[in-house]
Amino acid sequence: MGTKRSWEGQAVVKMDSTESASSTLSIFENFRDELDEHHDRRERIIKASRDITALSKKIIFALQRVRTTNQPIPPNITKENDTRLEQIHKHFASIVADLVGIKSWRYQRQISGGVQEFIEAISFDHYLRTETLITHAEVASRLPGILVTEEDYLMGIFDLTGEMMRFAVTALSSGKVTPTDAAKAGVLVDLRVIRARCEALSVSGRHRAFMYKDISKKKEVMQNSVEKVERAAYGILVRGSERPSGWTPDLSGPVEVEIH
Amino acid sequence: MGSIVLPHLRSAWHVDQAILSEEERLVVIRFGRDHDPDCIRQDEVLYKIAERVKNFAVIYLCDIDEVPDFNSMYELYDTMTIMFFYRNKHMMCDFGTGNNNKLNWVLEDKQELIDIIETIYKGAKKGRGLVVSPKDTTTKMIDQRIFEDLQTKIDEETTVRDELHEIIQTLARKGRSTQAILSRAHSTPADQLKPVLDDAAVEILAQKQEVLRLKAVADQHPFYKYNALWTRELQNLVTSIELCAWLGGLQEHKGPSSGSFLTIEEVGKFLEVPVNLKEQDAFHLTIEEYLLALISVVEELSRLAVNSVTLGDYERPLQIGNFIKDLFAGFQLLNLKNDILRKRSDGIKYSVKKVEDVVYDLSLRGLVPKGGAAA
Chain A
0 MGTKRSWEGQ
10 AVVKMDSTES
20 ASSTLSIFEN
30 FRDELDEHHD
40 RRERIIKASR
50 DITALSKKII
60 FALQRVRTTN
70 QPIPPNITKE
80 NDTRLEQIHK
90 HFASIVADLV
100 GIKSWRYQRQ
110 ISGGVQEFIE
120 AISFDHYLRT
130 ETLITHAEVA
140 SRLPGILVTE
150 EDYLMGIFDL
160 TGEMMRFAVT
170 ALSSGKVTPT
180 DAAKAGVLVD
190 LRVIRARCEA
200 LSVSGRHRAF
210 MYKDISKKKE
220 VMQNSVEKVE
230 RAAYGILVRG
240 SERPSGWTPD
250 LSGPVEVEIH
Chain B
0 MGSIVLPHLR
10 SAWHVDQAIL
20 SEEERLVVIR
30 FGRDHDPDCI
40 RQDEVLYKIA
50 ERVKNFAVIY
60 LCDIDEVPDF
70 NSMYELYDTM
80 TIMFFYRNKH
90 MMCDFGTGNN
100 NKLNWVLEDK
110 QELIDIIETI
120 YKGAKKGRGL
130 VVSPKDTTTK
140 MIDQRIFEDL
150 QTKIDEETTV
160 RDELHEIIQT
170 LARKGRSTQA
180 ILSRAHSTPA
190 DQLKPVLDDA
200 AVEILAQKQE
210 VLRLKAVADQ
220 HPFYKYNALW
230 TRELQNLVTS
240 IELCAWLGGL
250 QEHKGPSSGS
260 FLTIEEVGKF
270 LEVPVNLKEQ
280 DAFHLTIEEY
290 LLALISVVEE
300 LSRLAVNSVT
310 LGDYERPLQI
320 GNFIKDLFAG
330 FQLLNLKNDI
340 LRKRSDGIKY
350 SVKKVEDVVY
360 DLSLRGLVPK
370 GGAAA
């Protein structure tokens with residue numbers, strides 16, 4: 000292109016550039032193949048991550064129908080979730096090869112969303128069954144071949160507090176748990192413990208742009224979640240006595256509406 | 000019993016001395032009145048554990064009537080208060096009570112008290128001012144180690160980032176002086192360019208040393224975990240190398256086969272770092288970094304095309320034009336997705352146009368030297 004502008008220079012330009020141009024092109028052809036491979040892999044991982052996120056969300060929805068803690072999950076919900084877990088593991092298995100060795104960190108940001116949501120789901124399940132917090136090692140053992148960073152783990156735990164909040168508010172408004180009991184043991188107490196521990200974590204601000212960048216936002220959401228449960232307990236304690244006997248809160252609507 | 004055996008601090012001076020002089024251990028002071036029932040109970044427990052914690056903590060008693068100096072400063076309004084100090088620093092502890100400054104209730108469980116003192120001591124040794132009490136285990140919900148491990152991992156990562164950051168800062172500083180020298184090319188005629196390029200080569204070689212230092216540290220960690228930290232500076236360095244080489248510097252490092260620019264392999268060889276590693280997890284120059292550096296070279300050369308004309312050099316714009324058109328053709332081969340590489344490479348066509356305009360202006364006025372582009 001552009002070579003016809005000067006008839007003087009034209010012939011020279013052609014002679015000069017054909018050789019170097021072809022070598023340049025072959026270099027770039029090589030780059031193209033490498034980049035194509037990278038983009039394809041990246042897209043595969045993003046797609047799997049999205050599917051895993053969606054399935055994990057469904058697991059969490061199903062778990063929100065559970066009403067008790069420290070007991071086995073009801074079989075109908077387990078059955079539902081088992082199929083979803085199986086699908087999730089298939090998705091993970093499909094990209095394990097794309098995430099080996101050096102690639103594990105290269106595509107960490109692409110898979111991170113799915114991993115975090117998955118942690119949220121299994122930690123909630125774990126909490127409902129055992130009333131304990133799942134450990135990083137336990138999470139990692141459920142994801143063989145996948146890098147589970149401490150950051151993903153922590154962010155998953157932050158998200159877990161949101162689910163615990165929803166669970167606690169439902170339990171409180173169903174009247175099964177009295178507010179005074181809630182303050183002594185159970186979800187509210189556990190939420191406070193997690194909150195205290197998370198608040199005690201200190202992450203240096205120097206590297207805010209690179210490590211744990213979501214931490215302050217997530218922390219705020221978590222603090223709000225704890226407060227929502229505290230307010231719900233307060234509200235039911237204070238206003239509950241005004242309710243006619245035999246009255247139960249309307250659970251058909253979204254529970255959060257009550258406490259805002 | 001406890002208040003008789005445990006050492007008393009009889010004045011404010013004694014309190015200060017106790018806190019100041021202890022270098023190794025945690026200083027635990029019980030403030031209160033010796034005859035108060037709460038204090039009697041607590042002193043008993045303190046006395047019983049004193050021997051068991053003596054390796055990392057020393058326990059004193061202080062009567063707040065005898066030594067009232069600290070009452071308002073430390074808000075000693077409870078019947079019994081225990082406070083912790085380490086190397087003249089007040090240690091706070093989150094007991095889950097809301098008051099992190101002190102322990103102000105009687106704690107009769109010996110093991111629990113020992114655990115608290117030990118936890119605070121460990122935290123203090125690590126330089127923390129606030130420690131979370133193990134006592135807060137009102138539920139068994141959390142395995143204590145979970146958050147300790149997390150904190151350890153966070154601290155480790157911070158240390159690594161600090162170390163890398165320091166090297167990269169040096170690299171960046173040297174990079175700026177390289178760029179400052181190379182920008183003299185815009186105001187230096189081609190035949191007087193040699194000293195500029197020699198100066199630039201010296202700086203580039205100094206930067207290379209920093210890259211090797213960076214490599215030594217980075218090689219101990221997953222490459223892509225920290226790559227974002229230095230990618231910019233490495234790109235700038237590659238840009239400087241390519242520019243310097245294009246202008247005629249660094250000749251001894253150019254391969255015989257290469258045309259006007261260094262291939263990624265040649266850059267890697269020059270810097271003594273691997274390039275485009277796909278399996279091995281080690282420090283290297285990535286394809287993306289190399290390509291982004293080439294784009295910067297194109298931008299810089301399009302500016303040079305204009306400035307060459309001002310310097311009376313009508314030949315160089317033609318060379319630049321040929322070179323960047325060559326690269327442009329290469330970039331057009333790539334299937335770019337919506338990422339930084341695409342955004343940056345979109346700019347190449349404007350650079351090409353800029354240079355073409357210069358060449359057009361020159362040829363229109365018959366200023367293009369005969370057989371000029373052959374040089």
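For the protein sequence lines, the chains are A and B, in the order given. Residue 130 in numbering that gives the first Met the number 0 sits at position 131 of the first sequence; the count goes up by one each step and never skips. Residue 181 in numbering that gives the first Met the number 0 sits at position 182 of the second sequence; the count goes up by one each step and never skips. C-beta atoms are modelled at their ideal positions from N, C-alpha and C, and glycine is treated no differently. None of the values given here were measured: they were computed from a predicted structure.
Query - Among B:Ser259, B:Glu209, B:Gly248 and B:Ser239, the one whose alpha carbon lies nearest that of Pro194 (chain B) - result: As a first step, residue 194 (chain B) must be located in the second sequence, where it is residue number 195. Measuring from the Cα of Pro194 (chain B), the nearest candidate turns out to be B:Gly248.
Query - Beta-carbon proximity list for Val147 (chain A), same chain, < 8 Å, skipping 5 on both sides - result: What you label residue 147 (chain A) is simply residue 148 of the first sequence in a count that begins at 1. Non-local C-beta neighbours of Val147 (chain A) in its own chain, meaning closer than 8 Å and more than five positions away in sequence, comprise Val114, Ile118, His135, Val138 and Ala139, ordered along the chain.
Report task. For Gln234 (chain B), collect the residues of the same chain with a Cβ closer than 6 Å to its Cβ; drop the 5 residues on either side in sequence, then sort them by chain order. Result -> Residue 234 (chain B) sits at position 235 when you count from the first residue of the second sequence. Here the set comprises Glu288, Leu291 and Ala292.
Query - Sequence-distant residues of its chain with Cβ nearer than 7 Å to Ser48 (chain A) (five each side left out) - result: Numbered from 1 along the first sequence, position 49 holds the residue referred to as residue 48 (chain A). Hits under 7 Å: Gln109, Ile110, Gly112 and Gly113.
Requested in this report: Can you give me the Cβ contacts of Ile203 (chain B) inside the same chain, cut-off strictly under 8 Å, excluding the 5 residues immediately before and after it?
Outcome: Here residue 203 (chain B) corresponds to residue number 204 of the second sequence, with the count starting at 1. Correct list, in chain order: Thr177, Leu236, Ser239, Ile240, Cys243 and Leu249.
Query - Burial state of Pro316 (chain B) (16 or more Cβ within 10 Å) - result: By one-based count along the second sequence, residue 316 (chain B) stands at place 317. Burial call: buried.
Query raised in the report: With distances taken between CB atoms, is the gap from Met154 (chain A) to Ile193 (chain A) smaller than 9 Å?
Result: In the first sequence, counting from the first residue as 1, residue 154 (chain A) sits at position 155. In the first sequence, counting from the first residue as 1, residue 193 (chain A) sits at position 194. Going by C-beta atoms, Met154 (chain A) is not nearer than 9 Å to Ile193 (chain A).
Query - As assigned by DSSP and simplified to three states, the class of Ile110 (chain A) - result: Locating residue 110 (chain A) in the first sequence gives position 111, counting from the first residue. Helix at Ile110 (chain A).
Query - Span of the alpha helix (DSSP H) around Thr309 (chain B) - result: Counted from its first residue, the second sequence places residue 309 (chain B) at position 310. Element bounds for Thr309 (chain B): Ile286 to Thr309.
Query raised in the report: Hey, is Thr157 (chain B)'s beta-carbon within less than 9 Å of any beta-carbon in chain A?
Result: For the purposes of this step, residue 157 (chain B) is taken as the residue at position 158 of the second sequence. Chain A, which has a Cβ nearer than 9 Å to the Cβ of Thr157 (chain B), makes this yes.
Query - Distance between Ile63 (chain B) and Asn70 (chain B) (C-alpha atoms, nearest Å) - result: Here residue 70 (chain B) is taken as the residue at index 71 of the second sequence, counted from 1. Here residue 63 (chain B) is taken as the residue at index 64 of the second sequence, counted from 1. If I take the Cα positions, the gap works out to 7 Å.
Report task. Specify, as a first and last residue, the run of the beta strand (DSSP E) that Tyr85 (chain B) falls within. Result -> Within the second sequence, the letter at position 86 stands for residue 85 (chain B). Taken as a continuous stretch (DSSP letters only), the beta strand (DSSP E) holding Tyr85 (chain B) covers Met79 to Tyr85.
Query raised in the report: Tell me, which residues are paired with Lys88 (chain B) by DSSP?
Result: Position 89 of the second sequence holds residue 88 (chain B). BP columns for Lys88 (chain B) point to B:Tyr85.
Requested in this report: Check each candidate in B:Lys101, B:Ile286, B:Thr157 and B:Val367 and name the one with the smallest Cα separation from His206 (chain A).
Outcome: The count along the first sequence starts at 1 and reaches residue 206 (chain A) at position 207. Among B:Lys101, B:Ile286, B:Thr157 and B:Val367, the Cα nearest to that of His206 (chain A) belongs to B:Thr157.
Requested in this report: Using the Cα positions of Glu314 (chain B) and Gly174 (chain B), report the straight-line distance between them to the nearest angstrom.
Outcome: Residue numbering aside, residue 314 (chain B) sits at position 315 when the second sequence is read from its first letter. Residue numbering aside, residue 174 (chain B) sits at position 175 when the second sequence is read from its first letter. Cα to Cα, the separation comes out at about 29 Å.
Requested in this report: Would you tell me roughly how many angstroms separate the C-alpha atoms of Gln143 (chain B) and Leu132 (chain A), rounded to the nearest one?
Outcome: Here residue 143 (chain B) corresponds to residue number 144 of the second sequence, with the count starting at 1. Here residue 132 (chain A) corresponds to residue number 133 of the first sequence, with the count starting at 1. Taking the straight line joining both Cα atoms gives about 10 Å.
Query raised in the report: Is it right to say Phe222 (chain B) is buried, meaning 16 or more other beta carbons lie within 10 angstroms of its own, or is it exposed?
Result: Your numbering for residue 222 (chain B) matches position 223 in the second sequence. Result: buried.
Query raised in the report: Do we get a CB-CB distance below 9 Å when we pair Leu132 (chain A) with the residues of chain B?
Result: Numbered from 1 along the first sequence, position 133 holds the residue referred to as residue 132 (chain A). Any Cβ of chain B closer than 9 Å to the Cβ of Leu132 (chain A) would place that residue at the interface, and such an atom is present.
Query raised in the report: Gly31 (chain B) bridges to which residues according to DSSP?
Result: Taking the first residue of the second sequence as position 1, residue 31 (chain B) is located at position 32. According to DSSP, which records beta bridges pairwise, Gly31 (chain B) is partnered with B:Asp62 and B:Met79.
Query - Rounded C-alpha distance that separates Asp68 (chain B) from Gln16 (chain B) - result: Reading the second sequence from its first residue, position 69 is the one you call residue 68 (chain B). Reading the second sequence from its first residue, position 17 is the one you call residue 16 (chain B). In this structure, the alpha-carbon of Asp68 (chain B) lies about 14 Å from that of Gln16 (chain B).
Report task. Inspect the beta-carbon positions of Leu127 (chain A) and Phe166 (chain A) and report whether they are closer than 9 Å. Result -> Locating residue 127 (chain A) in the first sequence gives position 128, counting from the first residue. Locating residue 166 (chain A) in the first sequence gives position 167, counting from the first residue. Yes, Cβ-Cβ distance for Leu127 (chain A) and Phe166 (chain A) is below 9 Å.
Query raised in the report: Which residues mark the beginning and the end of the beta strand (DSSP E) in which Val202 (chain A) is found?
Result: Looking up residue 202 (chain A) in the first sequence gives position 203. Taken as a continuous stretch (DSSP letters only), Val202 (chain A) belongs to no beta strand (DSSP E), as it is neither H nor E.
Query raised in the report: Taking just the CA atoms, how far does His185 (chain B) sit from Asp360 (chain B)?
Result: Mapped onto the second sequence, residue 360 (chain B) falls at position 361. Mapped onto the second sequence, residue 185 (chain B) falls at position 186. Rounded to whole angstroms, Asp360 (chain B) to His185 (chain B) spans 19 Å at the Cα level.
Query raised in the report: If you scan the segment 92-152 of chain B from start to end, which runs of the alpha helix (DSSP H) of 4 or more residues do you find wholly inside it?
Result: Taken in chain order, the complete alpha helix (DSSP H) segments of 4 residues or longer contained in the segment 92-152 of chain B are 109-124.
Query raised in the report: Of the residues B:Val296, B:Arg341, B:Leu363 and B:Gly365, which one's Cα is nearest the Cα of Ser387 (chain B)?
Result: Summary: the structure shown does not reach residue 387 (chain B), with chain B confined to residues 0 through 374, and so no result is reported for it.
Query raised in the report: Identify the residues that DSSP records as bridge partners of Leu25 (chain B): which are they?
Result: Along the second sequence, one-based indexing puts residue 25 (chain B) at 26. Paired residues: B:Ala56.
Query - Interfacial residues, the segment 158-169 of chain B to chain A, with Cβ spacing under 9 Å - result: From the segment 158-169 of chain B, only Arg160, Asp161 and His164 have a Cβ closer than 9 Å to chain A.
Query - Contact residues within the segment 20-31 of chain A, judged by C-beta distance below 8 Å to chain B - result: Residues passing the 8 Å Cβ filter: Ala20, Ser22, Thr23, Leu24, Ile26, Phe27, Glu28, Phe30 and Arg31.
Report task. Over the uninterrupted alpha helix (DSSP H) stretch that includes Ser182 (chain B), give me the two end residues. Result -> Along the second sequence, one-based indexing puts residue 182 (chain B) at 183. Per DSSP, Ser182 (chain B) is not a residue of any alpha helix (DSSP H), being assigned neither H nor E.
Query raised in the report: What first and last residue would you give for the alpha helix (DSSP H) that runs through Pro432 (chain B)?
Result: Shown here, chain B extends from 0 to 374; a query on residue 432 (chain B) therefore has no answer.
Query - Spatial distance of Leu250 (chain A) from Arg64 (chain A) (CA atoms) - result: Looking up residue 250 (chain A) in the first sequence gives position 251. Looking up residue 64 (chain A) in the first sequence gives position 65. Low per-residue confidence applies at Leu250 (chain A): pLDDT is 45, beneath 50, and the placement is therefore not dependable, though the value from the model is reported in the following sentence. Each residue's alpha carbon lies about 12 Å from the other.
Query raised in the report: With burial defined as no fewer than 16 other Cβ atoms inside 10 Å of the residue's Cβ, what is the status of Trp104 (chain A): buried or exposed?
Result: Looking up residue 104 (chain A) in the first sequence gives position 105. Trp104 (chain A) is buried by the Cβ-count criterion.
Query - Pair within 9 Å by beta-carbon distance, Gly329 (chain B) and Phe30 (chain A) - result: Numbered from 1 along the second sequence, position 330 holds the residue referred to as residue 329 (chain B). Numbered from 1 along the first sequence, position 31 holds the residue referred to as residue 30 (chain A). Contact: yes.
Requested in this report: Return the Cβ separation of Glu264 (chain B) and Val274 (chain B) in integer angstroms, given the expectation that the two are a contact with Cβ distance under 8 Å.
Outcome: On the second sequence, residue 264 (chain B) is found 265 positions in, with the first residue counted as 1. On the second sequence, residue 274 (chain B) is found 275 positions in, with the first residue counted as 1. About 6 Å separates the two Cβ atoms, so the contact holds.
**Report entry** Where Met140 (chain B) meets chain A, residues with beta-carbon distance less than 7 Å
**Finding:** The residue given as residue 140 (chain B) occupies position 141 in the second sequence. Near Met140 (chain B) (Cβ distances below 7 Å), the residues of chain A are Glu130, Thr131, Leu132, Asp189 and Val192.
Report task. Please name the residue, chosen from B:Leu284, B:Ile145 and B:Phe146, that lies closest to Leu213 (chain B) on a Cα-to-Cα basis. Result -> Residue numbering aside, residue 213 (chain B) sits at position 214 when the second sequence is read from its first letter. Relative to Leu213 (chain B), the option among B:Leu284, B:Ile145 and B:Phe146 whose CA is nearest is B:Leu284.
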